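Novice: First the structure, then my questions, so here it is.
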Amino acid sequence: MSTPASSLEALRTLPARRPAVRWALRVLRWALTLAVTFTGLLALTFVIGRKVPIDPVLAILGDRASADAYAAERIALGLDKPLLTQFLIYARDVLHGNFGISLLTANPVLDDIKRVFPATLELATIATLIGIAVGVPLGVVAAVKHNRPIDHVARFVGLIGSSVPVFWLGLMGLLLFYAKLHWVGGPGRIDPAYDGMVDPRTGSLLIDAALAGEWDVLRNALSHIALPAAILGYYSVAYLSRMTRSFMLDQLSQEYIVTARAKGLSERRVIWRHAFGNIMVPLLTVIALTYSNLLEGSVLTEIVFAWPGLGSYLTGALLNADMNAVLGATLVIGAMFITVNLLTDALYRVFDPRAR
């Protein structure tokens, strides 16, 4: 039987426990969302692997394989088992990091992805940072200076970014800044003379070169990443400036902005603290979407600049019908989308008190 003192103590600790309970429920919800979404991703890639008109046994053994060798390989791959059993085996292998062997490189697909993905991550991250640093302020200024010259410039930037193909802009950039002006490095991630001079500790060539104190390698790597990052960054700037301008115009027309100005608040405070503060949540969604798209949508840029990233790897796998590599790369891209969305959901709690 509880005493009055113990009941009072329970009442005192109840409010303190509520935030912990809320966070526990939130983490549980995120975990369930992650599990369900990733299971759906596994099912999708499994179905794709089974529906494509490519015989995985013949892809491994070749067209001249004997009937006995074909049957033995089919059993080794588990293709003689029921479809549900095949899916469970596939899911188990993926969860253990076994994506199969690439027919193109003869390496484990996971090892290949570990090698190429940091290059894509580095390129997409720099391009997104360029978009945030330039596109967001440009969109804010364009909204504040509505229908003035800077607004026309911002709209023109957005129009070009949404209409000019990225591969054309990349080729023109190479022709001008590399072939004619020699301001940047050529295709590839680094000159062959510097290749292998830095230990791949993190996978990011820029970070690894800085950590090793190899400043010549760092300068060369920067000269190579400058143009592809600028090209992708331009499209990021175009999209983010357009969306930021739209969000800000909507907020600047609200009554609370008129009230804030009538109270004598400074224009800077009205714009950045009140109007911009209220677009942070939708803007986070747009930034997350931009980053996710750059992670998986930089294929053409990587091909134009011979960038050894995940996009180039996936393209080579598709052209050579290397389904293990295709499905492995697709899983990684899907997992990145899921991760970015979950992180964005977590950031909502920071910028929007109503979501806490």
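Per our numbering: the sequence shown = residues 1060 to 1415.
Virtual Cβ for every residue (Gly too), placed ideally from N, Cα, C.
All values reported here derive from a predicted model rather than from experimental measurement.
#1: Taking its Cβ as the centre, do 16 or more other Cβ atoms sit within 10 Å of Asp1275, making it buried, or is it exposed?
#2: Ordered along the chain, which non-local residues of its own chain (more than five positions away) have a Cβ less than 7 angstroms from that of Gly1217?
#3: Going by beta-carbon coordinates alone, are Asp1309 and Leu1163 separated by less than 7 angstroms?
#4: Rounded C-beta distance between Asn1383 and Ile1160? I'm assuming under 8 angstroms.
#5: Helix, strand or coil: which one does DSSP assign to Ile1160?
#6: I need the DSSP call for Pro1246, collapsed to helix, strand or coil.
#7: Name the one or two DSSP bridge partners that Pro1112 has.
#8: Considering only the beta carbon of each residue, do Ala1365 and Gly1247 sit closer than 7 angstroms?
#9: Apply the 10 Å Cβ neighbour rule to Asp1258 and answer buried if 16 or more other Cβ atoms are within range, or exposed otherwise.
#10: Which partner residues of Pro1167 appear in the DSSP bridge assignment?
#11: Taking DSSP as the reference, what is the three-state secondary structure of Glu1273?
#12: Would DSSP call Arg1328 helix, strand or coil?
#13: When you compare the region 1127 to 1147 with the region 1320 to 1339, are there three or more beta-carbon pairs, one atom per stretch, that lie closer than 8 angstroms?
#14: Could you check the C-alpha separation between Gly1292 and Leu1359 for me, to the nearest Å?
#15: In chain order, which alpha helix (DSSP H) runs of at least 4 residues are fully inside the region 1311 to 1387?
#16: By the three-class DSSP mapping on this structure, what secondary structure does Ala1075 have?
#17: How about Thr1179 and Leu1386: are their beta carbons less than 7 angstroms apart?
#18: With respect to 6 angstroms, is the separation between the Cβ of Ala1126 and the closest non-hydrogen atom of the ligand GTP below this value?
#19: Taking all protein chains shown into account, decide if Asn1166 is buried (16 or more other Cβ within 10 angstroms of its Cβ) or exposed.
#20: Report the option in Val1175, Ile1219, Val1080 and Gly1229 whose CA atom is closest to the CA atom of Gly1368.
#21: Do Tyr1350 and Thr1187 have their CB atoms nearer than 7 angstroms?
#22: For Val1195, which residues in the same chain have their Cβ closer than 8 angstroms to its Cβ, ignoring the five residues on either side in sequence?
#23: Does the region 1252 to 1267 come close enough to the region 1189 to 1207 that 3 or more CB-CB pairs lie under 8 angstroms?
#24: Rounded to whole angstroms, what's the CA-CA distance from Gly1108 to Pro1251? Just pull it up for me.
#25: Do Ile1249 and Asn1279 count as a contact pair if the criterion is CB distance below 7 angstroms?
#26: What is the DSSP secondary structure of Asn1206, reduced to helix, strand or coil?
#27: Using CA coordinates, which residue listed in Tyr1253, Arg1123, Ile1119 and Pro1141 is at the minimum distance from Glu1132?
#28: Where does Phe1396 land, buried or exposed, given buried means 16+ other C-beta within 10 angstroms?
#29: So Leu1401 packs on Trp1089, CB below 8 angstroms; how close in whole Å?
#30: Determine whether the beta carbon atoms of Val1243 and Ser1282 lie at a separation below 7 angstroms.
#31: Have a look at Thr1318 and Val1212 and give me their C-alpha separation to the nearest angstrom.
#32: Is Ile1219 near Ala1288, with beta carbons less than 7 angstroms apart?
#33: Would you please state the rounded distance, in angstroms, between the beta carbons of Thr1403 and Ala1347? I believe it to be under 8 angstroms.
#34: For Leu1234, I'd like the list of residues in its chain whose CB is within less than 7 angstroms of its CB, leaving aside the five on either flank, ordered along the chain.
#35: Please list, in chain order, all residues of the same chain as Val1168 whose beta carbon is under 6 angstroms from its beta carbon, the five residues on each side excluded.
Specialist: This is what the structure gives:
#1: For the purposes of this step, residue 1275 is taken as the residue at position 216 of the sequence shown. Label assigned to Asp1275: exposed.
#2: To locate residue 1217, count along the sequence shown from 1; it is residue 158. Taken in chain order, the residues that qualify are Ala1297, Ser1300 and Arg1301.
#3: Here residue 1309 refers to the residue found at position 250 when the sequence shown is read from its first residue. Here residue 1163 refers to the residue found at position 104 when the sequence shown is read from its first residue. Going by C-beta atoms, Asp1309 is not nearer than 7 angstroms to Leu1163.
#4: The residue given as residue 1383 occupies position 324 in the sequence shown. The residue given as residue 1160 occupies position 101 in the sequence shown. Indeed, because the Cβ distance is near 6 angstroms, the residues count as touching under 8 angstroms.
#5: Here residue 1160 refers to the residue found at position 101 of the sequence shown. Reduced to three states, the DSSP call for Ile1160 is strand.
#6: For the purposes of this step, residue 1246 is taken as the residue at position 187 of the sequence shown. Note: Pro1246 maps to coil in three-state DSSP.
#7: In the sequence shown, residue 1112 corresponds to position 53, counting from 1. According to DSSP, Pro1112 bridges with nothing at all.
#8: Here residue 1365 refers to the residue found at position 306 when the sequence shown is read from its first residue. Here residue 1247 refers to the residue found at position 188 when the sequence shown is read from its first residue. Their beta carbons are under 7 angstroms apart, which means Ala1365 touches Gly1247 by this criterion.
#9: For the purposes of this step, residue 1258 is identified with residue 199 of the sequence shown, where counting begins at 1. The residue is exposed, with fewer than 16 neighbouring Cβ atoms inside 10 Å.
#10: Taking the first residue of the sequence shown as 1, we reach residue 1167 at position 108. Note: Pro1167 sits in a beta bridge opposite Ile1160.
#11: On the sequence shown, residue 1273 is found 214 positions in, with the first residue counted as 1. Looking at Glu1273 - three-state DSSP - the assignment turns out to be coil, as it is neither helix nor strand.
#12: As a working mapping, residue 1328 is identified with position 269 in the sequence shown. Here Arg1328 sits in helix by DSSP.
#13: no
#14: Here residue 1292 is taken as the residue at index 233 of the sequence shown, counted from 1. Here residue 1359 is taken as the residue at index 300 of the sequence shown, counted from 1. Approximately 14 angstroms, taken between the alpha carbons.
#15: 1314 to 1321, 1339 to 1356, 1358 to 1363 and 1369 to 1378
#16: Taking the first residue of the sequence shown as position 1, residue 1075 is located at position 16. In this predicted model, Ala1075 has a pLDDT of only 47, less than 50, meaning its place in the structure is not dependable; the value taken from the coordinates is given anyway. Three-state DSSP puts Ala1075 in a helix.
#17: The residue labelled residue 1179 in the question sits at position 120 within the sequence shown. The residue labelled residue 1386 in the question sits at position 327 within the sequence shown. Not closer than 7 angstroms, so no.
#18: As far as ligands go, the structure on display features none, and thus does not contain the ligand GTP.
#19: Translated into positions along the sequence shown, residue 1166 becomes position 107. Classification of Asn1166: exposed, given that the 10 Å Cβ count is below 16.
#20: Start at 1 with the first residue of the sequence shown, and residue 1368 comes out as number 309. Residue Val1175 is the option with its Cα nearest to Gly1368.
#21: What you label residue 1350 is simply residue 291 of the sequence shown in a count that begins at 1. What you label residue 1187 is simply residue 128 of the sequence shown in a count that begins at 1. Taking 7 angstroms as the Cβ cut-off, Tyr1350 and Thr1187 qualify as a contacting pair.
#22: By 1-based counting over the sequence shown, the position of residue 1195 is 136. Hits under 8 angstroms: Leu1299, Ser1300, Thr1303 and Leu1342.
#23: no
#24: Residue 1108 sits at position 49 when you count from the first residue of the sequence shown. Residue 1251 sits at position 192 when you count from the first residue of the sequence shown. The alpha-carbon atoms of Gly1108 and Pro1251 are separated by roughly 37 angstroms.
#25: One-based indexing of the sequence shown puts residue 1279 at position 220. One-based indexing of the sequence shown puts residue 1249 at position 190. For Asn1279 and Ile1249, yes; Cβs fall inside 7 angstroms.
#26: Translated into positions along the sequence shown, residue 1206 becomes position 147. In the structure shown, Asn1206 sits in coil (DSSP, three-state: anything other than H, G, I, E or B).
#27: Translated into positions along the sequence shown, residue 1132 becomes position 73. Ranking the options by Cα distance to Glu1132, first place goes to Ile1119.
#28: As a working note, residue 1396 is residue 337 in the sequence shown. Buried: at least 16 other Cβ atoms inside 10 Å.
#29: As a first step, residue 1401 must be located in the sequence shown, where it is residue number 342. As a first step, residue 1089 must be located in the sequence shown, where it is residue number 30. Right, their Cβ atoms sit about 6 angstroms apart.
#30: For this step, residue 1243 is matched to residue 184 along the sequence shown. For this step, residue 1282 is matched to residue 223 along the sequence shown. Yes, they are a contact pair.
#31: As a first step, residue 1318 must be located in the sequence shown, where it is residue number 259. As a first step, residue 1212 must be located in the sequence shown, where it is residue number 153. Roughly 30 angstroms separates the two Cα atoms.
#32: On the sequence shown, position 160 is the one that residue 1219 refers to. On the sequence shown, position 229 is the one that residue 1288 refers to. No, these two residues do not count as a Cβ contact at 7 angstroms.
#33: As a working mapping, residue 1403 is identified with position 344 in the sequence shown. As a working mapping, residue 1347 is identified with position 288 in the sequence shown. Yes, Thr1403 and Ala1347 are in contact; Cβ-Cβ is about 4 angstroms, under 8 angstroms.
#34: For the purposes of this step, residue 1234 is taken as the residue at position 175 of the sequence shown. Closer than 7 angstroms at Cβ, skipping near neighbours: no residue.
#35: Numbered from 1 along the sequence shown, position 109 holds the residue referred to as residue 1168. Closer than 6 angstroms at Cβ, skipping near neighbours: Phe1158, Gly1159, Ser1161, Asn1383, Ala1384 and Gly1387.
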